[in-house]
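Asker: By the UniProt record's numbering, the letter at position 51 of the sequence shown is numbered 51, and the numbering carries on one by one without gaps. Ideal placement from N, C-alpha and C gives every residue a C-beta, glycine not left out. Structure incoming, see below.
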Amino acid sequence: MTSSTPSYVCGVSDAPLLGITIGQALDRAVALWPDREALVSPSHDTRWTWSEFAARVDALAAGFLALGLERGARIGIWSMNRPEWTLTQFAAAKAGLILVTINPAYRLSELEFALAKVGCAALVTATAFKTSHYMEMLNTLIPELAISSPARCNRPSCRSCAP
């Protein structure tokens with residue numbers, strides 16, 4: 001993308017927009033409240049402070065970049081609501097990636113259509129949700145996934161998949 005047009009419109013409001021990125025907002029929260037809880041999910045037995053959350057975000061963002069994903073690339077997330085979903089959202093933003101949310105109820109044909117339509121360069125997914133076995137569906141869609149590393153996946157439409 002070469003456009004420098006803002007992704008928002010300034011309208012009449014008493015509250016000005018912050019001129020910072022999500023990553024900068026996260027860094028600010030860490031500086032202000034490093035030991036306060038940032039994300040709590042009792043059903044997933046997860047409690048992360050701002051410092052812990054930011055460290056995980058930075059590690060995942062670095063992992064995305066290590067895969068060769070470049071600023072502006074689209075990555076999909078195919079998962080139900082869980083802490084890792086929020087982690088992926090923040091890491092994608094910090095890495096300059098566009099996060100494409102994929103309905104967790106999608107079946108194989110819907111997933112195939114969605115991935116092709118938006119041109120995801122990578123996919124972050126849970127292993128399963130209810131009766132949907134995501135990894136089985138992905139292995140059907142991309143047979144070489146089971147024996148390929150992300151760098152060797154021959155599908156340009158889905159260069160990297162990380163369960």
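(1) Any contact of the region 92-102 with the region 128-145, i.e. 3+ C-beta pairs under 8 Å?
(2) Is L69 near A122, with beta carbons less than 8 Å apart?
(3) If I'm right that A61 touches A91 with Cβ under 8 Å, what's the distance once you round it to whole angstroms?
(4) What did DSSP end up calling R56 once you bin it into helix, strand or coil?
(5) Within the same chain, show all residues whose beta-carbon is closer than 6 Å to that of R71, passing over the 5 residues directly before and after it, in chain order.
(6) Let's test the definition: count the other Cβ atoms within 10 Å of the Cβ of G11 and tell me whether it reaches 16, buried, or not, exposed.
Answerer: This is what the structure gives:
(1) no
(2) What you label residue 69 is simply residue 69 of the sequence shown in a count that begins at 1. What you label residue 122 is simply residue 122 of the sequence shown in a count that begins at 1. Yes, these two residues count as a Cβ contact at 8 Å.
(3) Locating residue 61 in the sequence shown gives position 61, counting from the first residue. Locating residue 91 in the sequence shown gives position 91, counting from the first residue. Confirmed, about 4 Å.
(4) Numbered from 1 along the sequence shown, position 56 holds the residue referred to as residue 56. Of the three classes helix, strand and coil, the one that applies to R56 here is helix, per DSSP.
(5) To locate residue 71, count along the sequence shown from 1; it is residue 71. Answer for R71: G96, listed in chain order.
(6) Taking the sequence shown and counting its residues from 1, the one referred to as residue 11 is at position 11. When all chains shown are included, G11 counts as exposed.
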